[in-house]
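*Asks:*
In my numbering, the protein residues as written are 1 to 306.
(1) Is it true that the CB of residue 208 sits closer than 8 Å to the CB of residue 224?
(2) If you draw a straight line from the alpha carbon of residue 270 to that of residue 159, how long is it in whole angstroms?
(3) Please list the terminal residues of the continuous beta strand (DSSP E) segment that includes residue 87.
(4) How should residue 254 be labelled, buried or exposed, when 16 other C-beta atoms within 10 angstroms of its C-beta is the threshold for buried?
(5) Within the continuous beta strand (DSSP E) that includes residue 77, where are the two ends?
(6) In chain order, which alpha helix (DSSP H) runs of at least 4 residues are fully inside the region 159-231?
(7) Between the C-alpha atoms of residue 251 and residue 72, what's the straight-line distance to the nearest angstrom?
(8) What does the alpha-carbon distance come out to for the pair residue 245 and residue 106?
(9) Once DSSP output is grouped into helix, strand and coil, what is the label at residue 262?
(10) So, with DSSP's three-state summary, where would you put residue 40?
(11) Spatial neighbours of residue 170 within its chain, please: CB distance less than 6 Å, with the 5 preceding and 5 following residues excluded, ordered by chain position.
(12) In this structure, how does DSSP classify residue 53 when only helix, strand and coil are distinguished?
(13) Going by beta carbon distance, what residues of the same chain come within less than 6 Å of residue 35, once the five residues before and after it are set aside?
(14) Using C-beta distances below 7 Å, list every residue in its chain close to residue 257, excluding the 5 sequence neighbours before and after it, in chain order.
(15) Would you identify the three-state DSSP class for residue 19, choosing helix, strand or coil?
(16) Rank 259, 299, 303 by C-alpha distance to the C-alpha of residue 284 and give the top, closest one.
(17) Take residue 49 and list the residues in its own chain whose beta-carbon comes closer than 7 Å to its own, dropping the five residues that flank it on each side.
(18) Can you name, in chain order, every residue of its own chain whose Cβ lies under 8 Å from the Cβ of residue 43, other than the five neighbours on each side?
(19) Rounding to the nearest angstrom, what Cα-Cα distance links residue 214 and residue 181 in this structure?
(20) Among the residues of its own chain, which have a CB less than 6 Å from the CB of residue 188, if the five just before and after it don't count?
(21) Let me know if residue 248 comes out buried or exposed under the rule of 16 or more other beta-carbons within 10 Å of its beta-carbon.
(22) Just to confirm the assignment, what range does the alpha helix (DSSP H) spanning residue 289 have?
(23) Taking only the alpha-carbon atoms, compute the straight-line gap between residue 194 and residue 217 and give it to the nearest angstrom.
(24) Should residue 39 go down as buried or exposed, given a rule of 16 or more other Cβ atoms within 10 Å for buried?
(25) Is the beta carbon of residue 108 less than 8 Å from the beta carbon of residue 37?
(26) If you compare alpha carbons, which of 8, 18, 227 is closest to residue 262?
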């Protein structure tokens with residue numbers, strides 16, 4: 001549900017805001033309207049694009065880059081709880097909210113910094129049931145070689161969006177706006193625990209639809225799936241914890257883009273490109289130059305101001 005929010009005059013001269021591109025600044029303001037009263041929302045680029053840029057020719061990937069840009073400038077936190085990725089708007093205390101509603105989205109952990117997951121895995125992953133999960137394989141059954149395929153750059157957020165679309169279609173609730181259906185986590189938990197999307201989840205949802213059963217939460221549907229399964233998934237050992245990078249490759253590219261767009265002026269405290277200890281490799285710098293060039297060409301074609 002969209003909400004009325006306020007903008008202080010200091011917003012426009014904030015150094016963090018000025019470091020962001022104009023479109024990212026507009027996205028940041030838009031997030032306020034669709035975040036709950038605690039400043040939290042699910043990190044779904046597809047949904048955010050539809051909410052904030054409904055008539056603009058932006059791809060979901062473009063919106064993801066803007067979200068990463070806001071995170072790189074500490075305007076939002078991106079964190080994951082139970083395999084669901086969320087956004088927390090920072091500095092939310094400046095919003096004066098009458099009768100704030102308790103958040104239904106879990107808060108970031110106070111014991112560890114939020115984890116921003118890499119958007120661009122460097123190597124392909126093997127998937128089962130056509131899916132990759134949280135940088136790990138889904139192992140509810142023996143892998144079928146006919147189903148294995150490289151995922152490449154697919155992000156966890158995109159996989160969650162795809163999972164939600166398939167589950168909503170199977171259950172016949174494509175347009176149900178119930179708050180309990182905004183977070184697909186309970187179904188994602190089943191899949192990570194070994195329940196097969198094609199053998200357990202979707203058939204149970206279709207059966208519920210055929211029987212006229214409709215719920216308002218994914219927890220309701222998760223119980224239908226587990227209660228109606230002919231066979232439970234085989235238990236599997238939890239995969240080894242993957243090391244968490246300090247900065248993702250996407251964030252380094254964003255930093256390199258700012259360096260190029262500012263005329264080779266490095267605005268960060270870390271070593272600049274070309275200096276000893278820099279994390280901006282020649283490959284990352286070349287990717288950033290290509291993205292800046294493509295963006296300038298796009299603006300030139302559309303007549304947009306640089």
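We put the beta carbon where it would ideally sit given N, CA and C, even for glycine.
*Replies:* In short, the structure shows the following:
(1) By one-based count along the chain shown, residue 224 stands at place 224. By one-based count along the chain shown, residue 208 stands at place 208. Yes, the Cβ-Cβ distance between residue 224 and residue 208 is below 8 Å.
(2) Sequence index remark: in the chain shown, residue 270 carries index 270 (1-based). Sequence index remark: in the chain shown, residue 159 carries index 159 (1-based). Residue 270 and residue 159: Cα-Cα distance of roughly 33 Å.
(3) In the chain shown, residue 87 corresponds to position 87, counting from 1. Unbroken beta strand (DSSP E) run through residue 87: 84-89.
(4) The count along the chain shown starts at 1 and reaches residue 254 at position 254. By the 10 Å Cβ count, residue 254 comes out buried.
(5) Position 77 of the chain shown holds residue 77. Note, residue 77: beta strand (DSSP E), 76-81.
(6) 185-192, 202-210, 218-228
(7) By one-based count along the chain shown, residue 251 stands at place 251. By one-based count along the chain shown, residue 72 stands at place 72. Going by the C-alpha atoms only, they are around 6 Å apart.
(8) Counting from one through the chain shown, the residue named residue 245 turns up at place 245. Counting from one through the chain shown, the residue named residue 106 turns up at place 106. In this predicted model, residue 245 has a pLDDT of only 48, less than 50, meaning its place in the structure is not dependable; the value taken from the coordinates is given anyway. Going from the Cα of residue 245 to the Cα of residue 106 covers about 23 Å.
(9) Position 262 of the chain shown, counting from 1, holds the residue named residue 262. Reduced to three states, the DSSP call for residue 262 is coil.
(10) As a working mapping, residue 40 is identified with position 40 in the chain shown. Note: residue 40 maps to strand in three-state DSSP.
(11) Along the chain shown, read from residue 1 onward, the residue named residue 170 stands at position 170. Answer for residue 170: 202, 205, 206, listed in chain order.
(12) Start at 1 with the first residue of the chain shown, and residue 53 comes out as number 53. Residue state, collapsed to three classes: coil.
(13) Along the chain shown, one-based indexing puts residue 35 at 35. These residues qualify, in order along the chain: 41, 89.
(14) Locating residue 257 in the chain shown gives position 257, where the first residue counts as 1. Cβ neighbours of residue 257 beyond the five flanking positions: 288, 291, 292.
(15) Position 19 of the chain shown, counted from the start, is the residue given in the question as residue 19. Of the three classes helix, strand and coil, the one that applies to residue 19 here is coil, per DSSP.
(16) For the purposes of this step, residue 284 is taken as residue 284 along the chain shown, with counting starting at 1. It is 259.
(17) In the chain shown, residue 49 corresponds to position 49, counting from 1. These residues qualify, in order along the chain: 58, 60, 63.
(18) Within the chain shown, residue 43 is the residue found at index 43, counting from 1. For residue 43, where only same-chain residues beyond five positions count, the Cβ hits under 8 Å are 67, 78, 85, 86, 87, 157.
(19) As a first step, residue 214 is located in the chain shown; it is residue number 214 there, counting from the start. As a first step, residue 181 is located in the chain shown; it is residue number 181 there, counting from the start. In a straight line, the C-alpha of residue 214 is about 11 Å away from that of residue 181.
(20) In the chain shown, residue 188 corresponds to position 188, counting from 1. Closer than 6 Å at the Cβ level, and outside the excluded window around residue 188, lie 83.
(21) In the chain shown, the residue the question calls residue 248 occupies position 248. With 16 or more other Cβ atoms within 10 Å, it is buried.
(22) Sequence index remark: in the chain shown, residue 289 carries index 289 (1-based). Residues 282-302.
(23) Locating residue 194 in the chain shown gives position 194, where the first residue counts as 1. Locating residue 217 in the chain shown gives position 217, where the first residue counts as 1. Residue 194 and residue 217: Cα-Cα distance of roughly 21 Å.
(24) For the purposes of this step, residue 39 is taken as residue 39 along the chain shown, with counting starting at 1. Residue 39 comes out buried.
(25) Indexing the chain shown from 1 puts residue 108 at position 108. Indexing the chain shown from 1 puts residue 37 at position 37. Their beta carbons are not under 8 Å apart, which means residue 108 does not touch residue 37 by this criterion.
(26) On the chain shown, position 262 is the one that residue 262 refers to. Among 8, 18, 227, the Cα nearest to that of residue 262 belongs to 18.
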